[in-house]
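Here's the structure we're looking at; comments come further down.
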Amino acid sequence: MSTQKSYCVIGQPIAHSRSPRLHNGWFKKYKISAHYDKIEVSPKALGSFMKLFAEKYAGANVTIPHKEKILQYLDGISTEAKIIGAINTIVNHEGKLWGHNTDMFGALAALKEVGLTSLKNKKVLVMGAGGAARAIVYGLSTQGAIVVIANRTLSKAKKLAKEFGAEWCGYDLVGVFPMDIIINASSVGLNDTQATNIFYFKSTIEDWDRKPVVMDIIYTPKYTKLLRDARAAGCKIITGDKMFVAQAQEAFKLFTGIRPHA
Ligand code: ATR
440 MSTQKSYCVI
450 GQPIAHSRSP
460 RLHNGWFKKY
470 KISAHYDKIE
480 VSPKALGSFM
490 KLFAEKYAGA
500 NVTIPHKEKI
510 LQYLDGISTE
520 AKIIGAINTI
530 VNHEGKLWGH
540 NTDMFGALAA
550 LKEVGLTSLK
560 NKKVLVMGAG
570 GAARAIVYGL
580 STQGAIVVIA
590 NRTLSKAKKL
600 AKEFGAEWCG
610 YDLVGVFPMD
620 IIINASSVGL
630 NDTQATNIFY
640 FKSTIEDWDR
650 KPVVMDIIYT
660 PKYTKLLRDA
670 RAAGCKIITG
680 DKMFVAQAQE
690 AFKLFTGIRP
700 HA
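Just so we're aligned: the sequence shown equals residues 440 to 701 in the working numbering.
Below, the structure written as C-alpha cells:
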C-alpha cells in the first residue's frame with residue numbers, strides 16, 4: 440500500500456491555481472512523500488466531495504467560492520478562522536477535519552515585505568467583502584489600522600465593517616479620502632478578461648498628494664489592471680503572488696510542521 444499522502448486545492452474556477460506547483464515543489468525539496476492536486480468542485484458538488492474527503496486526503500486548501508460554505512463540513516476551526524468566518528486550509532488529523540485561515544498571515548506578510556511593518560493608524564481601503572476580504576480586514580484590525588471597506592453589494596460592506604469596527608462605502612465614494620494603502624480583495628481582475636477596475640483608479644490617485652501602496656490579491660495575471668494603473672500613477676505596488684506564497688507557506692507548515700523557504 441502506498442504511504443504517499445494526498446493533498447489538494449478545491450475551488451471553481453481552479454485551472455489558474457498555482458498551489459499544486461508550489462506545494463509539490465516543497466514536498467520534493469523537503470523529501471516528503473506526498474502529492475498535491477487541483478480539483479474543480481462546484482458549489483453543488485461540495486457536499487458529496489466532502490463526504491469522501493477524510494478517507495482520501497491528508498489536507499487541502501480551499502478557494503473561491505467555498506471558503507465560507509465549507510465550515511459546515513469541518514469538525515473544528517482555529518480561533519482566527521472562527522473570527523474571520525472563513526477558512527482556506529483543512530488539516531485531516533486522524534479523521535477529524537480542522538479548518539484554518541492563513542490568508543490573514545499572507546496579507547500581513549506581503550505588506551511587511553515592502554517595509555510596512557507597523558500598520559497602526561494607517562488608512563487602508565479594502566475592496567471586496569467576501570471571504571478573502573474578511574481575513575484581510577480582520578488581520579488589519581488586529582494591527583490597529585483604520586479600515587474602509589468598499590464593495591459592489593453595499594449591505595455586505597456594511598455588515599463586514601460593523602463586525603470589525605471599520606468604515607464602509609460604495610465604489611462611487613472611493614477616492615474622496617486619500618488612503619495610505621489600497622488592497623483589492625475582490626475577484627475583479629482575475630484572468631483580466633475584461634481588464635476593468637472597480638473604480639476609475641488612475642485619475643483618482645493622480646489627484647492624491649501622497650501616493651498609496653497598492654496591493655492586489657489576484658495573482659493571475661501578476662500585473663492586474665489595478666496594479667498597472669497604480670504603477671503608472673506613481674504608487675508602490677504589491678503583486679498578488681506575495682500574499683499567495685506567504686499563505687501557502689503557512690498552510691504547508693500546518694500540513695507538515697515545516698515552514699518552507701519560498
Ligand atoms: P473570496 O472568497 O475570494 O473573497 P467571494 O466570497 O465570492 O470570494 O467574494 C468575491 C468578492 O468580489 C465580493 O466582494 C464581490 O462583490 P459582491 O459582494 O458585490 O458580490 C466581488 N466581486 C465579484 N465580481 C465583481 C464585479 N464584477 N464587480 C465588483 N465586485 C465584484
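Yeah, the Cβ is synthetic: ideal placement off N, Cα and C, and Gly gets one too.
Neighbour-count burial assignment, His700, 16 or more Cβ in a 10 Å radius: To locate residue 700, count along the sequence shown from 1; it is residue 261. Flag for His700 reads exposed.
Neighbouring residues (CB closer than 6 Å to any heavy atom of the ligand ATR): Of all residues, those with a beta-carbon under 6 Å from at least one heavy atom of the ligand ATR are Ile503, Pro504, Lys506, Gly567, Ala568, Gly569, Gly570, Ala571, Ala572, Asn590, Arg591, Thr592, Lys595, Ser625, Ser626, Val627, Ile637, reported in chain order.
Pairwise C-alpha distance: Ala520 and Ala572: Within the sequence shown, residue 572 is the residue found at index 133, counting from 1. Within the sequence shown, residue 520 is the residue found at index 81, counting from 1. Approximately 13 Å between the Cα atoms of the pair.
4 or more residues per run - each alpha helix (DSSP H) lying fully within the region 632-680: Scanning the region 632-680 from its first residue to its last, the whole alpha helix (DSSP H) runs of 4-plus residues come out as 640-645, 664-671.
Beta-carbon gap between Glu552 and Ile676 smaller than 9 Å: For this step, residue 552 is matched to residue 113 along the sequence shown. For this step, residue 676 is matched to residue 237 along the sequence shown. No, the pair does not count as a contact, with Cβ atoms beyond the cut-off.
7 Å CB neighbourhood of Ala600 in its chain, flanking five on each side removed: Counting from one through the sequence shown, the residue named residue 600 turns up at place 161. Ile588, Glu606, Trp607, listed in sequence order.
Sequence-distant residues of the same chain with beta carbon closer than 6 Å to Ser580, five excluded per side: Taking the first residue of the sequence shown as 1, we reach residue 580 at position 141. These residues qualify, in order along the chain: Phe603.
For Tyr475, the three-state DSSP class (helix, strand or coil): As a position in the sequence shown, residue 475 is number 36, starting the count at 1. In the structure shown, Tyr475 sits in a strand (DSSP, three-state: E or B).
C-alpha distance - Asn500 paired with Asn527, whole-angstrom precision: For the purposes of this step, residue 500 is identified with residue 61 of the sequence shown, where counting begins at 1. For the purposes of this step, residue 527 is identified with residue 88 of the sequence shown, where counting begins at 1. Spanning the two alpha carbons is a distance of roughly 5 Å.
Closest by C-alpha distance to Ser594, when choosing among Asp648, Ala672, Gly609, Ile585: Working through the sequence shown from its first residue, we reach residue 594 at position 155. The residue from Asp648, Ala672, Gly609, Ile585 with its alpha-carbon nearest to that of Ser594 is Gly609.
The region 476-491 contacting the region 507-519, beta-carbon criterion three pairs below 8 Å: Judged by Cβ distances under 8 Å, the region 476-491 makes contact with the region 507-519, as three or more pairs qualify.
Glu606 - containing alpha helix (DSSP H), residue span: Numbered from its first residue, the sequence shown carries residue 606 at position 167. Under the DSSP assignment, Glu606 falls outside any alpha helix (DSSP H), being part of the beta strand (DSSP E) whose first and last residues are 606-608.
Element boundaries [beta strand (DSSP E), containing Gly538]: As a position in the sequence shown, residue 538 is number 99, starting the count at 1. Counting along the chain, the beta strand (DSSP E) containing Gly538 begins and ends at 535-539.
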